[in-house]
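*Asks:* Protein sequence lines, in the order shown, are assigned to chains H and S. 8 is the number of the first residue of the first sequence in this note's numbering; add one for each residue after it. 558 is the number of the first residue of the second sequence in this note's numbering; add one for each residue after it. Note that CB positions come from ideal geometry on N, CA and C, so glycine has one too.
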Amino acid sequence: MSTAEPLIRLSGISKSFGSVCANRDVSLDIEEGKILALLGENGAGKSTLMSILAGQLQPDAGSIFLRGEKVVLDSTEKAIACGIGMVYQHFKLVRELTVTENIFLGTKGGFWLNWAKMQDEVTQLAEQYGMRIDPAAKVADLSMGERQQVEILKLLYRQSTVLIFDEPTAVLTPREAENLFLTMKKMISKGKGIVFISHKLEEVMAISDNIAILRRGSVVDTVATRDVASTAELAGRMVGREVLLEVDRVPVELRQVVLKVDNLNDELLKNINFELRQGEIFGLVGVAGNGQKNLIETVCGLRKPKTDCIKILGASWKKFFSKMRWDNALSYIPEDRQGLATCQGLDLVDNFLLTTRGGFTQGPWLLREEARNKASHLVEEFDIRPPNLDAFAWQLSGGNLQKMVLAREFYRRPRLIVAEQPTQGLDIAAAEDIWNLLLKAREAAGILLVTGDLSEALALSDRIGVMFNGRLVDCFSSDDEAKVAKIPQMMAGLVEESSSSRR
Amino acid sequence: MTFELLIPLLAAAVQSGTPILYATLGEIFTEKSGVLNLGVEGAMIVGALAGFLVSKFTGSPVLGLLAAGLAGSLATSIHGVVCLWFQGNQVVSGLALTILGAGLANYLGTPYVGLSAPGFSPLALPLLSEIPVLGQIFFNHDPLVYLSYCIPPVMWLFFAKTRFGLNLRAVGEHPAAATAAGINVVSYRWLGILGGGFFMGLGGAYLSLAYTHLWTTNLTGGRGWIAVALVIFAFWRPIRAVYGAYLFGGVMALQLRLQASGTQLPSSLLLMLPYILTVFVLVLSSWKKGSSEEPAALGVNIEPVD
Numbered sequence: 008m009s010t011a012e013p014l015i016r017l018s019g020i021s022k023s024f025g026s027v028c029a030n031r032d033v034s035l036d037i038e039e040g041k042i043l044a045l046l047g048e049n050g051a052g053k054s055t056l057m058s059i060l061a062g063q064l065q066p067d068a069g070s071i072f073l074r075g076e077k078v079v080l081d082s083t084e085k086a087i088a089c090g091i092g093m094v095y096q097h098f099k100l101v102r103e104l105t106v107t108e109n110i111f112l113g114t115k116g117g118f119w120l121n122w123a124k125m126q127d128e129v130t131q132l133a134e135q136y137g138m139r140i141d142p143a144a145k146v147a148d149l150s151m152g153e154r155q156q157v158e159i160l161k162l163l164y165r166q167s168t169v170l171i172f173d174e175p176t177a178v179l180t181p182r183e184a185e186n187l188f189l190t191m192k193k194m195i196s197k198g199k200g201i202v203f204i205s206h207k208l209e210e211v212m213a214i215s216d217n218i219a220i221l222r223r224g225s226v227v228d229t230v231a232t233r234d235v236a237s238t239a240e241l242a243g244r245m246v247g248r249e250v251l252l253e254v255d256r257v258p259v260e261l262r263q264v265v266l267k268v269d270n271l272n273d274e275l276l277k278n279i280n281f282e283l284r285q286g287e288i289f290g291l292v293g294v295a296g297n298g299q300k301n302l303i304e305t306v307c308g309l310r311k312p313k314t315d316c317i318k319i320l321g322a323s324w325k326k327f328f329s330k331m332r333w334d335n336a337l338s339y340i341p342e343d344r345q346g347l348a349t350c351q352g353l354d355l356v357d358n359f360l361l362t363t364r365g366g367f368t369q370g371p372w373l374l375r376e377e378a379r380n381k382a383s384h385l386v387e388e389f390d391i392r393p394p395n396l397d398a399f400a401w402q403l404s405g406g407n408l409q410k411m412v413l414a415r416e417f418y419r420r421p422r423l424i425v426a427e428q429p430t431q432g433l434d435i436a437a438a439e440d441i442w443n444l445l446l447k448a449r450e451a452a453g454i455l456l457v458t459g460d461l462s463e464a465l466a467l468s469d470r471i472g473v474m475f476n477g478r479l480v481d482c483f484s485s486d487d488e489a490k491v492a493k494i495p496q497m498m499a500g501l502v503e504e505s506s507s508s509r510r
Numbered sequence: 558m559t560f561e562l563l564i565p566l567l568a569a570a571v572q573s574g575t576p577i578l579y580a581t582l583g584e585i586f587t588e589k590s591g592v593l594n595l596g597v598e599g600a601m602i603v604g605a606l607a608g609f610l611v612s613k614f615t616g617s618p619v620l621g622l623l624a625a626g627l628a629g630s631l632a633t634s635i636h637g638v639v640c641l642w643f644q645g646n647q648v649v650s651g652l653a654l655t656i657l658g659a660g661l662a663n664y665l666g667t668p669y670v671g672l673s674a675p676g677f678s679p680l681a682l683p684l685l686s687e688i689p690v691l692g693q694i695f696f697n698h699d700p701l702v703y704l705s706y707c708i709p710p711v712m713w714l715f716f717a718k719t720r721f722g723l724n725l726r727a728v729g730e731h732p733a734a735a736t737a738a739g740i741n742v743v744s745y746r747w748l749g750i751l752g753g754g755f756f757m758g759l760g761g762a763y764l765s766l767a768y769t770h771l772w773t774t775n776l777t778g779g780r781g782w783i784a785v786a787l788v789i790f791a792f793w794r795p796i797r798a799v800y801g802a803y804l805f806g807g808v809m810a811l812q813l814r815l816q817a818s819g820t821q822l823p824s825s826l827l828l829m830l831p832y833i834l835t836v837f838v839l840v841l842s843s844w845k846k847g848s849s850e851e852p853a854a855l856g857v858n859i860e861p862v863d
């Protein structure tokens with residue numbers, strides 16, 4: 008079916024944000040009548056790439072060809088005019104308007120609107136693609152699946168030829184997802200090209216024709232779906248195994264238990280059991296969205312467990328968080344370092360004080376000068392640039408901000424550290440600094456490391472746990488070669504839960 | 558109160574409600590685009606002075622009316638520059654416009670205090686004014702009152718049935734979605750601000766060219782603020798604004814009549830009546846949140862994308 012020229016050809020696209028490289032020399036073809044799946048962990052550069060295609064971001068280098076002709080997509084309108092449409096993960100719909108109003112929003116035409124005729128058009132268009140929707144319903148009253156249909160109809164009404172779906176099934180029920188796949192099949196049978204962004208491997212295997220895998224901003228693999236034997240193979244290709252880091256992991260003597268999770272259940276997690284001791288890093292791997300977030304939030308006190316099933320430093324969850332000390336306790340290094348770990352509009356001293364203020368108070372007074380002295384030592388010690396305490400958090404690059412967060416958290420001399428994607432979006436040099444800091448920190452603490460990067464997990468962790476579908480599938484030593492080789496299968500849910508997960 | 562007294566009171570309610578109606582419709586138009594303009598009072602009084610001066614020097618109240626509308630738009634364009642070009646705080650900018658407008662109009666108008674200008678006079682509509690009761694109440698006024706009858710349905714049609722109205726509403730509800738649909742959100746907010754300012758200016762002109770034919774200081778007397786509150790009472794619907802405006806007009810007219818009748822109540826208490834009603838209405842309408850059509854992005858600036 009494919010013609011000589013692909014609908015869209017991306018050639019050598021690169022894009023950096025400050026020192027963080029989001030896309031590095033990416034080349035991709037989107038073909039007529041084909042579904043291209045774009046696979047990659049969070050932060051691999053999928054969203055940046057698609058924002059470039061949707062005209063929201065401009066690439067630093069590289070070009071885009073539309074049916075062989077070079078185009079510059081410098082605005083969303085331009086992208087829409089070129090027939091490129093994006094179904095966003097967070098729908099861009101006006102809740103207070105009806106389905107028909109949303110679909111016709113921004114279209115050209117006469118002064119008066121003929122609602123009856125427009126509603127007929129919407130119904131007809133929906134039927135062509137196997138959708139059923141009430142054109143007069145208010146968007147606010149629709150289910151997530153129906154809202155997505157409105158987004159799709161918007162693009163179809165505008166004659167889009169390339170439709171980009173950004174994790175479309177994340178908000179859908181399984182039934183709605185199946186309907187979506189039927190609609191997508193109808194679309195490609197009518198000659199549209201589809202880009203399907205996901206990290207649900209089964210879906211990718213089921214629906215796509217071609218798969219492109221992104222890791223750290225680059226396309227590391229493109230493959231026809233029929234050539235992929237199993238989801239396990241796909242998982243293996245996705246997380247990769249190449250050793251790109253040299254860190255010395257000298258075993259440290261294990262001491263007392265700092266975290267004990269005993270049968271944790273919630274709406275997503277099922278029977279999570281594990282222990283973490285001072286002196287070890289426990290690496291939790293798995294495809295994003297399999298329960299890691301809930302687990303971290305529960306351990307860090309952001310989400311209340313239903314039963315008394317967590318012991319932190321020997322105290323129950325409730326007791327620990329009701330009188331948490333600022334030092335010698337728990338440090339959380341969140342994935343969202345700009346939103347959760349720091350305040351963008353505050354300077355470095357205030358950001359330092361965010362979690363350490365307990366150590367700089369005297370009665371009602373804050374000892375800001377003392378904190379400033381301490382912070383300036385840390386900036387020097389951790390080589391944070393610019394070494395200016397009056398700089399605001401938003402002025403720091405991702406790597407320096409992360410170092411500043413680590414400096415602050417280590418200053419608290421934590422005994423339990425929860426590190427979530429600690430090197431995401433950082434360049435290799437910055438990542439290595441952080442790896443070494445974590446390894447050193449484990450002498451005094453137990454570290455729960457959650458990462459989407461398997462090579463990072465293997466390099467740092469003493470033990471590995473694999474999560475799938477809310478379960479801790481297996482826990483094993485990172486020296487256990489046989490088990491390590493099976494990680495991709497476990498991540499894809501192809502291995503029965505082993506009895507050793509209770510440890 | 559006897560029937561004979563009630564009919565003139567209701568007619569007076571329509572008359573004193575009209576400037577509030579113009580201003581309320583203007584603010585609804587502006588807020589539908591997502592811009593909160595608290596400078597209604599300022600735009601009204603600038604419009605009132607412009608209308609008065611143009612009518613006085615050209616002798617044509619119609620030209621005066623037009624000038625008043627344009628002056629209203631000109632005044633609110635300051636709000637547009639602050640909020641749309643510089644992403645300034647909409648509340649602060651609106652308050653500044655009120656203070657600026659009142660100061661400017663009172664200063665420029667000082668030489669004309671107490672002078673009169675040609676204005677609009679009552680004109681009984683043939684046939685309609687002969688309808689018993691209703692004719693007396695609604696169809697025995699000046700042309701500006703009749704004009705104000707036409708605007709709410711037209712504005713409703715604009716919002717509900719035209720492409721521009723749909724786009725304007727979308728910009729007020731969800732600018733990001735409107736942008737994604739290819740709408741130039743900033744131009745629609747300019748339309749909301751300038752169009753709304755035009756109606757506010759007309760509201761001011763009603764005071765200087767029809768309600769009185771005089772210029773005095775503080776001519777608007779807080780009517781702009783009542784309009785801001787009435788927008789909430791009206792749930793942002795043009796037709797409902799009519800009820801609200803006449804309700805307030807009625808209380809204002811009643812208060813005047815009570816003062817004239819020489820009641821024992823202190824006049825300052827009576828003067829408070831419309832404003833007490835404002836507070837009361839705001840409390841009541843915040844109860845019925847469900848049916849409100851408050852634009853979701855009201856008061857939220859559009860950040861420029863780079």
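#1: Name, going along the chain, the residues of the stretch 82–97 of chain H whose beta-carbon falls closer than 7 Å to a beta-carbon of chain S.
#2: What's the call for H/Asn121, buried or exposed, on a 16-neighbour Cβ count within 10 Å?
#3: Whole-angstrom Cβ separation of H/Ala451 and H/Arg478, contact assumed at under 8 Å?
#4: Note down, in chain order, every chain H residue with its Cβ under 9 Å from the Cβ of S/Asn724.
#5: Residues of chain H with a CB under 9 Å from the CB of S/Gly608: which are they?
#6: Contact defined as beta carbons within less than 8 Å: I believe H/Gln146 pairs with H/Val101. What is the distance between those atoms, to the nearest angstrom?
#7: Can you check whether the C-beta of H/Trp401 is within less than 8 Å of a C-beta belonging to chain S?
#8: Could you give the first and the last residue of the continuous beta strand (DSSP E) run that contains S/Ala733?
#9: Just to confirm before moving on: does the CB-CB distance between H/Gly69 and H/Ile20 stay below 8 Å?
#10: Could you tell me whether any Cβ in chain H is nearer than 8 Å to the Cβ of S/Thr736?
#11: Give a yes or no on whether 8 Å exceeds the smallest Cβ distance from S/Arg746 to chain H.
#12: Consider the Cβ of S/Gly752: report whether some Cβ of chain H lies at a distance smaller than 8 Å.
#13: Any idea which residues DSSP pairs H/Ile204 with across the strands?
#14: Does the count of Cβ pairs from the stretch 774–792 of chain S and the stretch 566–579 of chain S closer than 8 Å reach three?
#15: If you follow the alpha helix (DSSP H) that H/Asp127 is part of, which residue opens it and which one closes it?
#16: Going along the chain, which residues of its own chain have a beta-carbon closer than 6 Å to the beta-carbon of H/Ser506, five neighbours each way excluded?
#17: Could you tell me whether the Cβ of H/Trp119 comes closer than 8 Å to any Cβ of chain S?
#18: So, does the stretch 619–635 of chain S touch the stretch 750–765 of chain S, judging by three or more C-beta pairs under 8 Å?
#19: Which partner residues of S/Val838 appear in the DSSP bridge assignment?
#20: Verify whether the separation of the beta carbon atoms of S/Asn663 and S/Pro679 is less than 8 Å.
#21: Kindly list the residues whose CB is nearer than 6 Å to the CB of H/Phe72, restricted to its own chain and excluding five residues on each side of it in sequence; keep chain order.
#22: Using 8 Å as the threshold, is the C-beta distance between S/Gly932 and S/Gly629 below it?
#23: Spatial neighbours of H/Asn109 within its chain, please: CB distance less than 7 Å, with the 5 preceding and 5 following residues excluded, ordered by chain position.
#24: Alpha carbon to alpha carbon, what distance is there between H/Glu174 and H/Met57?
#25: Determine the closest residue to H/Leu294 out of H/Pro371, H/Arg420 and H/Gln428, with distance taken between C-alpha atoms.
#26: On the CB-based measure, 16 or more other CB atoms within 10 Å of its CB, does H/His97 come out buried or exposed?
#27: What does a CB cutoff of less than 8 Å around H/Lys77 pick up in its chain, not counting 5 residues either side in sequence?
#28: By how many angstroms is the C-alpha of H/Leu461 removed from the C-alpha of H/Ala492?
#29: Have a look at H/His206, H/Gly296 and H/Pro341 and flag the residue whose alpha-carbon is nearest the alpha-carbon of H/Lys53.
#30: Nearest-angstrom Cα distance between H/Thr238 and H/Gln496?
#31: Since H/Glu108 meets chain S, which of its residues come closer than 9 Å, beta carbon to beta carbon?
#32: By the DSSP assignment, the alpha helix (DSSP H) with S/Arg780 in it spans what residues?
#33: In whole angstroms, what is the alpha-carbon distance linking H/Ile391 and H/Val254?
#34: Tell me whether the beta-carbon of S/Gly591 lies closer than 8 Å to the beta-carbon of S/Thr655.
#35: What residues in its chain sit with their C-beta under 7 Å from that of H/Asn297, if we drop five residues either side in the sequence?
#36: By how many angstroms is the C-alpha of S/Phe716 removed from the C-alpha of S/Tyr800?
*Replies:* From the atom records:
#1: Contact annotation: in the stretch 82–97 of chain H, residues whose CB is within less than 7 Å of a CB in chain S are Thr83, Glu84 and Ile87.
#2: Mapped onto the first sequence, residue 121 of chain H falls at position 114. Burial call: exposed.
#3: Position 444 of the first sequence holds residue 451 of chain H. Position 471 of the first sequence holds residue 478 of chain H. The beta-carbon distance between H/Ala451 and H/Arg478, rounded to whole angstroms, is 31 Å. This is too long to meet the 8 Å contact definition.
#4: Within the second sequence, residue 724 of chain S is the residue found at index 167, counting from 1. Near S/Asn724 (Cβ distances below 9 Å), the residues of chain H are Leu112 and Gly113.
#5: Here residue 608 of chain S corresponds to residue number 51 of the second sequence, with the count starting at 1. Neighbours of S/Gly608 in chain H, taken as residues at a C-beta separation under 9 Å, are lacking, since the least C-beta distance is about 30 Å.
#6: The residue you call residue 146 of chain H lines up with position 139 of the first sequence. The residue you call residue 101 of chain H lines up with position 94 of the first sequence. Residue identity differs from the one stated: residue 146 of chain H is Val in this sequence, not Gln. Contact between H/Val146 and H/Val101 holds: CB atoms are separated by about 7 Å, below the 8 Å threshold.
#7: As a first step, residue 401 of chain H must be located in the first sequence, where it is residue number 394. Under the Cβ distance rule, H/Trp401 does not count among the residues neighbouring chain S, no pair being separated by less than 8 Å.
#8: On the second sequence, position 176 is the one that residue 733 of chain S refers to. Segment Pro732 to Ala737 is the alpha helix (DSSP H) holding S/Ala733; no beta strand (DSSP E) there.
#9: In the first sequence, counting from the first residue as 1, residue 69 of chain H sits at position 62. In the first sequence, counting from the first residue as 1, residue 20 of chain H sits at position 13. Closer than 8 Å, so yes.
#10: Along the second sequence, one-based indexing puts residue 736 of chain S at 179. Chain H contact via Cβ: present.
#11: Along the second sequence, one-based indexing puts residue 746 of chain S at 189. Output row for S/Arg746: interface = no.
#12: On the second sequence, position 195 is the one that residue 752 of chain S refers to. It does not; no Cβ of chain H falls within 8 Å.
#13: Working through the first sequence from its first residue, we reach residue 204 of chain H at position 197. Bridge pairing for H/Ile204: H/Leu45 and H/Asp173 [DSSP].
#14: With three or more CB-CB distances shorter than 8 Å, the stretch 774–792 of chain S counts as touching the stretch 566–579 of chain S.
#15: Taking the first sequence and counting its residues from 1, the one referred to as residue 127 of chain H is at position 120. H/Asp127 -> alpha helix (DSSP H) spans Trp122 to Gln135.
#16: Residue 506 of chain H sits at position 499 when you count from the first residue of the first sequence. Its pLDDT being 45, under 50, H/Ser506 is placed unreliably in this model, and the value from its coordinates should be taken loosely. Counting only Cβ-Cβ distances below 6 Å, and skipping sequence neighbours, we find nothing.
#17: The residue given as residue 119 of chain H occupies position 112 in the first sequence. Yes, contact with chain S.
#18: Yes: the two stretches touch, three or more of their Cβ pairs being nearer than 8 Å.
#19: One-based indexing of the second sequence puts residue 838 of chain S at position 281. Per DSSP, S/Val838 has no beta bridge partner at all.
#20: The residue given as residue 663 of chain S occupies position 106 in the second sequence. The residue given as residue 679 of chain S occupies position 122 in the second sequence. Contact: no.
#21: Working through the first sequence from its first residue, we reach residue 72 of chain H at position 65. Contacts found: Arg16.
#22: The structure shown does not extend to residue 932 of chain S, since chain S spans only 558 to 863, so no value can be given for it.
#23: To locate residue 109 of chain H, count along the first sequence from 1; it is residue 102. Here the set comprises Leu100, Val101, Val146, Val157 and Lys161.
#24: For the purposes of this step, residue 57 of chain H is taken as the residue at position 50 of the first sequence. For the purposes of this step, residue 174 of chain H is taken as the residue at position 167 of the first sequence. Spanning the two alpha carbons is a distance of roughly 12 Å.
#25: Sequence index remark: in the first sequence, residue 294 of chain H carries index 287 (1-based). The residue asked about is misnamed: residue 294 of chain H is Val in this sequence, not Leu. When C-alpha distances from H/Val294 are compared across H/Pro371, H/Arg420 and H/Gln428, the shortest belongs to H/Gln428.
#26: Looking up residue 97 of chain H in the first sequence gives position 90. Under this definition H/His97 is an exposed residue.
#27: Position 70 of the first sequence holds residue 77 of chain H. Cβ within range, chain order: Ser70 and Ile71.
#28: Here residue 492 of chain H is taken as the residue at index 485 of the first sequence, counted from 1. Here residue 461 of chain H is taken as the residue at index 454 of the first sequence, counted from 1. Near 11 Å, if we compare the C-alpha coordinates of H/Leu461 and H/Ala492.
#29: Taking the first sequence and counting its residues from 1, one reaches residue 53 of chain H at position 46. Of H/His206, H/Gly296 and H/Pro341, the residue nearest in Cα terms is H/His206.
#30: As a first step, residue 238 of chain H is located in the first sequence; it is residue number 231 there, counting from the start. As a first step, residue 496 of chain H is located in the first sequence; it is residue number 489 there, counting from the start. Roughly 8 Å between the two C-alpha positions.
#31: On the first sequence, residue 108 of chain H is found 101 positions in, with the first residue counted as 1. Listed along chain S are Leu723, Arg726 and Ala727, each with a C-beta nearer than 9 Å to that of H/Glu108.
#32: To locate residue 780 of chain S, count along the second sequence from 1; it is residue 223. In this chain, the alpha helix (DSSP H) harbouring S/Arg780 covers Arg780 to Phe790.
#33: Here residue 391 of chain H refers to the residue found at position 384 of the first sequence. Here residue 254 of chain H refers to the residue found at position 247 of the first sequence. H/Ile391 and H/Val254: Cα-Cα distance of roughly 21 Å.
#34: The residue given as residue 591 of chain S occupies position 34 in the second sequence. The residue given as residue 655 of chain S occupies position 98 in the second sequence. Cβ distance not < 8 Å, so S/Gly591 and S/Thr655 don't count as in contact.
#35: In the first sequence, the residue the question calls residue 297 of chain H occupies position 290. Closer than 7 Å at Cβ, skipping near neighbours: Met474, Phe475, Asn476 and Gly477.
#36: Translated into the one-based positions of the second sequence, residue 800 of chain S becomes position 243. Translated into the one-based positions of the second sequence, residue 716 of chain S becomes position 159. Going from the Cα of S/Tyr800 to the Cα of S/Phe716 covers about 19 Å.
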